[in-house]
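Step one of this worksheet: look at the structure below.
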Amino acid sequence: MIEQKQVRFFQQNGYLKYGPVLDVEEVEELRDGLDRVIQIEQAGGDDSEPEFHFGHRRGDDSSRRSITQFVNMWKREPAYERLLHHPTISGILCALLSTSQVRLWHDQIISKPPDDNDHFQFHQDFYFWPLDRPEIVTCWLALDDATVDSGCMHVIPGSHADPRFVPEAHREEQQAKAANEIMESERDKISKQPASFGTPVEIKAGECMFHHCLNFHATPPNITQNQRRAHIMIFMAKGTRVNLSQSGNHVLVPGFEVGHGEELVGKGFPASEPKLWGNWHQG
Ligand SMILES: O=C(O)CCC(=O)C(=O)O
């Protein structure tokens with residue numbers, strides 16, 4: 188399922204181009220589920236969870252965005268919920284995070300519809316989340332072939348372990364900015380680079396890549412007339428706790444069943460572990 192040399196590559200580079208995990212029918216089922224959600228959002232939207240209200244592109248939203256998002260697809264469509272327990276994906280995540288169990292932080296579709304998308308700048312995901320440790324990995328699963336022209340993932344290898352960009356350096360940088368000691372940090376400079384500054388990770392529909400939450404990544408505009416839809420699942424290592432001093436106003440915080448400093452568990456954050464693998468395909 189995953190070889191030791193792939194785990195080492197991930198540890199050194201902060202990303203891994205993996206390969207096929209879903210067949211054509213499985214990809215088609217996910218695309219159909221997305222189409223149903225888009226139809227509901229176009230017709231006014233489902234507000235049953237706060238993240239649907241803020242995290243979904245609505246019919247009345249005609250602004251041009253670099254990306255279009257639909258957050259927590261697993262709460263809307265059974266095929267996306269089943270995917271959280273995909274044996275290959277769970278097994279790889281446990282190996283990459285050296286943990287016996289991973290727990291979903293959230294999932295989302297990110298798409299770049301033709302003529303309605305743009306460059307999505309370099310960033311490190313971790314600092315947008317109210318979580319206490321950077322033991323979080325994203326599985327980026329292509330629902331269409333993702334190429335340089337259609338806006339595939341671009342990563343900066345090794346940036347997850349660069350001492351300039353780790354949490355302690357980030358805290359110091361925030362303090363220096365608050366005290367007006369610096370105007371532009373190294374992080375800000377990287378965020379302004381074009382995606383071509385990074386390494387492209389081209390993958391086909393049904394294939395996936397993984398990236399570490401401190402790895403800088405960006406996507407260029409989709410300049411083709413093809414769809415570029417990806418399903419993104421973000422998983423935390425067992426033991427990850429809530430840290431409200433970082434991005435404490437995140438849209439998922441009102442749904443937390445635990446407080447600052449406690450392990451993030453609860454119905455909104457399902458666990459996925461190797462012993463549940465038998466459930467795959469039974470939906
Ligand atoms: O899919 C994209 O265009 C961007 C995805 C991204 O930034 C992420 O997976 O964290």
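In case it helps, the numbering used here puts the sequence shown at residues 188 to 470.
Every residue, glycine too, gets a C-beta built ideally from N, C-alpha and C.
Distance, residue j Cα to residue i Cα
| i | j | result |
| --- | --- | --- |
| residue 460 | residue 423 | 12 Å |
| residue 467 | residue 454 | Unreliable placement is indicated for residue 467, whose pLDDT of 49 sits below 50; no coordinate value is reported for it. |
| residue 311 | residue 189 | 25 Å |
| residue 300 | residue 446 | 38 Å |
| residue 346 | residue 262 | 33 Å |
| residue 322 | residue 264 | 27 Å |
| residue 194 | residue 283 | 6 Å |
| residue 267 | residue 260 | 6 Å |
| residue 380 | residue 309 | 7 Å |
| residue 403 | residue 362 | 21 Å |
Residue from the options whose Cα sits closest to the Cα of residue i
| i | options | result |
| --- | --- | --- |
| residue 443 | 391, 232, 433, 456 | 456 |
| residue 451 | 319, 419, 277 | 319 |
| residue 276 | 229, 328, 298, 296 | 328 |
| residue 209 | 326, 233, 194, 403 | 326 |
| residue 338 | 226, 230, 222, 386 | 386 |
| residue 421 | 369, 224, 403, 397 | 397 |
| residue 355 | 314, 202, 270, 365 | 314 |
| residue 201 | 400, 427, 408 | 400 |
| residue 197 | 228, 285, 271, 231 | 285 |
According to DSSP, residues forming a beta bridge with residue i
| i | result |
| --- | --- |
| residue 298 | 255, 416 |
| residue 206 | 395 |
| residue 340 | 388 |
| residue 428 | 450 |
| residue 401 | Note: residue 401 sits in no beta bridge, so no partner. |
| residue 239 | In the DSSP output, where bridge partners are listed per residue, residue 239 has none listed. |
| residue 458 | 290 |
| residue 324 | 399, 422 |
Residue i classed as buried or exposed, judged by whether at least 16 other C-beta atoms fall within 10 angstroms
| i | result |
| --- | --- |
| residue 391 | exposed |
| residue 192 | exposed |
| residue 382 | buried |
| residue 295 | buried |
| residue 384 | exposed |
| residue 405 | buried |
| residue 220 | buried |
Nonlocal neighbours in the same chain, by C-beta distance under 7 Å from residue i, ignoring five residues either side
| i | result |
| --- | --- |
| residue 214 | 330, 392, 393 |
| residue 336 | 410, 411 |
| residue 253 | 304, 305, 306, 307 |
Beta-carbon contacts of residue i that lie in its chain and below 6 Å, excluding the five residues immediately before and after
| i | result |
| --- | --- |
| residue 288 | 425, 458, 460 |
| residue 412 | 301 |
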